[in-house]
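This report refers to the structure that appears directly beneath it.
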Amino acid sequence: MNWFKILSVFIVLLGFALSLGFLLGVVFQVPYGNIAVVKVYGEITTGSQLLSNAVDAQAVVDQLREVNANPLIEAVIIDINSGGGSSVASSEIVDAVKKLNKPSVALIREVGASGAYWVASAADYIIAHNLSLIGSLGVNMQYLEYSGLLERFNVSYVNLTYPRHKDILSQYRPLTELERDWVNEWLEEAYNYLVSDVASNLNLTKEELMPYANGSVFLGSQSVSYGLIDETGGWDKALNKTMELANITEPMTITYREEHNLLELINGLTGGKDISIKT
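Positions 5 to 283 (the working numbering) are the ones given, in order, by the sequence shown.
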C-alpha cells in the first residue's frame with residue numbers, strides 16, 4: 005500500500021471539504037435581520053484578548069459601521085454589561101454610535117458604568133433594569149510601582165534618558181512632585197472632556213450633570229429621576245422601544261459577535277502592560 009498516495013488524497017479531500025464548508029457558510033449563513041444587536045460586554049479595550057473578559061473597541065466600531073452600511077437593518081440595540089475601560093477605546097465606540105444613521109437604543113444589563121455609560125449616553129434612548137448599576141463617571145490611572153521593593157533587595161534602577169522626564173510613569177521609580185502635577189492635569193482634562201460629552205449626549209448642561217458625575221454609582225431606579233436613563237426595563241422594553249423608534253412591526257434581530265484570530269489568542273495568553281487613562 006502506498007501511504008504517500010493515500011496521504012495525498014486525504015489532504016486534497018480535506019482541503020476540498022474545508023473550502024466547501026467555507027463557501028456554504030458564506031452562502032447559507034449570511035445573517036439577516038432588521039434590528040441589529042451589538043454587544044459591549046466586559047472591559048472596554050483597544051485590543052482584543054480572546055481569553056479575557058474584554059471587548060475590543062475596534063471590533064464594536066466595525067460592527068456599528070457595518071450596521072450603518074446595511075440597508076436591511078433599520079435600528080440598533082446596544083446591549084451593555086460593562087464597567088468601562090480605556091478612555092480612548094470608549095471614545096471610539098461613542099463616536100461610532102453618534103454616526104449611526106438609524107435609531108439606537110442602549111440596554112444596560114447589570115452594569116453600565118464609566119466608559120460603558122458614556123457609550124450608552126450616545127444612543128437615542130437608554131433603558132436599564134431597576135437594579136442595574138449606573139454612572140461612576142470619572143477617570144483614573146493606575147499602575148504598580150516597584151521602587152520600594154527594589155530598594156529592599158538592594159537593586160538599582162538605571163535608566164538613561166533625555167530629557168529627564170522621558171521615563172515618566174516608569175514602574176521602577178516614584179513620580180516627582182512635578183510629574184504628579186502633570187498627571188493630575190491629564191486626569192482633570194480627561195474628566196472635563198468626558199463629563200461635557202456625556203452632558204451633551206443627554207441634552208443636559210454640564211452643571212446639571214455635575215452632581216451625578218462625582219464617581220458615584222446609582223441604581224437604575226434612581227437614575228431615571230436624575231436624568232441618566234430614560235426608563236427602567238429589560239430586553240422586551242428595549243425591543244419594543246426600538247420598534248417604535250424605527251416604525252418596525254415585524255422585528256427580526258441579528259446579533260453581531262466579535263471574531264478572533266490566532267494572533268489574538270496568543271495575545272490573550274501572554275497579556276501585556278497597560279498604563280492608560282481609564283473611564
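C-beta atoms are modelled at their ideal positions from N, C-alpha and C, and glycine is treated no differently.
Out of curiosity, what's the CA-to-CA distance linking residue i and residue j?
i	j	result
S125	V101	9 Å
K282	S94	9 Å
Q67	L148	35 Å
L141	L173	24 Å
Q62	I97	8 Å
V159	S151	9 Å
F26	G37	In this prediction, F26 scores a pLDDT of 45, lower than 50, which makes its location untrustworthy; the coordinate-derived value is nonetheless stated afterwards. Each residue's Cα considered, the two are about 22 Å apart.
P167	L182	14 Å
L232	L154	46 Å
G87	Y197	19 Å
R156	D234	54 Å
V228	R69	30 Å
I138	N163	43 Å
T274	W186	Its pLDDT being 44, under 50, T274 is placed unreliably in this model, and the coordinates cannot settle the point.
R177	E189	20 Å
D171	M145	16 Å
Is the beta carbon of residue j closer than 7 Å to that of residue i?
i	j	result
T253	V41	no
V109	I77	no
I39	A73	no
V123	V44	yes
P107	A217	no
V199	K210	yes
N134	G238	no
G51	V59	no
L191	V143	yes
Consult DSSP for residue i and reduce its assignment to one of helix, strand or coil.
i	result
E211	helix
G238	coil
G152	helix
K282	strand
L137	strand
Y161	coil
I172	coil
T246	helix
N251	coil
N105	coil
N72	helix
Y166	coil
Could you please give the first and the last residue of the uninterrupted beta strand (DSSP E) stretch that includes residue i?
i	result
E114	S108 to A117
A223	At residue 223 the sequence reads Leu, which differs from the Ala that was named. Run containing L223: V221 to L223, per the beta strand (DSSP E) assignment.
D60	A58 to D60
I84	A79 to S86
K43	I39 to Y45
A203	Careful: A203 lies outside any beta strand (DSSP E), inside the alpha helix (DSSP H) at E181 to N205.
A132	Y129 to A132
I233	Element bounds for I233: n/a, residue is neither H nor E.
Y260	T257 to Y260
Tell me where the alpha helix (DSSP H) around residue i begins and ends.
i	result
Y216	Where Y216 is concerned, there is no enclosing alpha helix (DSSP H), given that its DSSP letter is neither H nor E.
I97	S91 to K102
So residue i and residue j are in contact, right, with Cβ under 8 Å, and what is the actual spacing, rounded?
i	j	result
V115	S136	7 Å
A132	T236	6 Å
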